[in-house]
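I have placed the structure first, in the form of structure tokens, so that the comments after it can refer back to it.
Residue numbers (the numbering used here): 543 to 771.
If you want it as structure tokens, here you go:
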């Protein structure tokens with residue numbers, strides 16, 4: 543018997559990432575976008591008939607999105623960045639009742655970068671000095687990027703220190719995304735770099751997460767859970 547496609551509510555469909563998700567979903571027989579919401583549209587009614595909601599809107603909408611998901615017991619895939627501590631607490635609270643994939647970056651390569659950064663930090667810190675450089679297009683609103691913050695959290699956890707990790711944020715041109723983690727030692731230096739050439743890598747990852755989360759128990763998951771890293 544042919545498997546039914548996953549019915550998706552896309553929140554933030556008019557944005558750069560939303561448009562990319564719509565484009566890729568049209569060629570994916572396992573995905574059907576059954577509803578779309580943009581700024582100002584009511585989310586709760588649209589949540590009713592989907593299997594999972596993908597959010598690429600704005601961090602400030604997260605409370606409304608979580609309320610709607612809890613009301614209809616729907617899983618969430620959250621791809622927005624720039625969340626405050628209060629937003630994160632809202633997400634963590636909702637994850638006690640519904641499954642949520644919350645990721646700063648849905649790229650397979652970036653999530654391998656997270657893994658490599660953790661392994662390198664375990665071997666090099668505290669003897670090496672870590673630093674992060676991230677570059678994005680000049681229209682990106684948050685700085686540092688969510689991915690850079692995730693990398694910094696990995697480094698801080700590895701060095702078991704409260705010291706802030708230096709992050710240099712560059713906003714220029716139409717750069718999709720570039721992240722470099724630098725470990726500077728005495729007479730040697732290690733650099734780990736990921737460059738995104740297209741937003742499609744993030745959209746593909748979000749769709750992969752939407753398929754993966756179906757049937758999962760309540761909890762807060764990362765893209766590394768999705769990829770088995």
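Cβ atoms here follow ideal geometry from the backbone N, Cα and C, with glycine treated the same way. Because the structure is a prediction, the values reported are computed rather than measured.
Check each candidate in 607, 601 and 603 and name the one with the smallest Cα separation from residue 589.
-> The shortest CA-to-CA distance from residue 589 to any of 607, 601 and 603 is the one to 607.
Using three-state DSSP, classify residue 579 as helix, strand or coil.
-> strand
Ends of the beta strand (DSSP E) at residue 596?
-> For residue 596, the enclosing beta strand (DSSP E) begins and ends at 594-597.
Which class does residue 667 belong to by DSSP, given the choice of helix, strand or coil?
-> coil
What are the start and end residues of each continuous beta strand (DSSP E) run of 3 or more residues lying completely inside the region 666-744, in chain order?
-> Counting only runs of 3 or more, we get 671-678, 709-713, 719-726 and 731-738.
Identify, in the order they occur along the chain, each residue of the same chain with its Cβ nearer than 8 Å to the Cβ of residue 679, setting aside the five sequence neighbours on each side.
-> 713, 714, 715, 716, 717 and 718
If we ignore side chains and look at the alpha-carbon of each, how far apart do residue 667 and residue 553 end up?
-> Near 40 Å, if we compare the C-alpha coordinates of residue 553 and residue 667.
According to DSSP, which residues form a beta bridge with residue 549?
-> 574
State buried or exposed for residue 603, treating a residue as buried only when at least 16 other CB atoms are found within 10 Å of its CB.
-> buried
Tell me which same chain residues have a C-beta within less than 7 Å of the C-beta of residue 640, skipping the five on either side of it?
-> 611, 612, 615, 616, 617, 618 and 760
Could you work out which residue in 693, 699, 621 and 642 is closest to residue 709 when comparing CA atoms only?
-> 693
In terms of DSSP beta bridges, what is residue 755 paired with?
-> Residue 755 is not bridged to any residue.
Give the secondary structure of residue 640 by DSSP, where H, G and I count as helix, E and B as strand, and everything else as coil.
-> coil
Burial state of residue 669 (16 or more Cβ within 10 Å) = exposed
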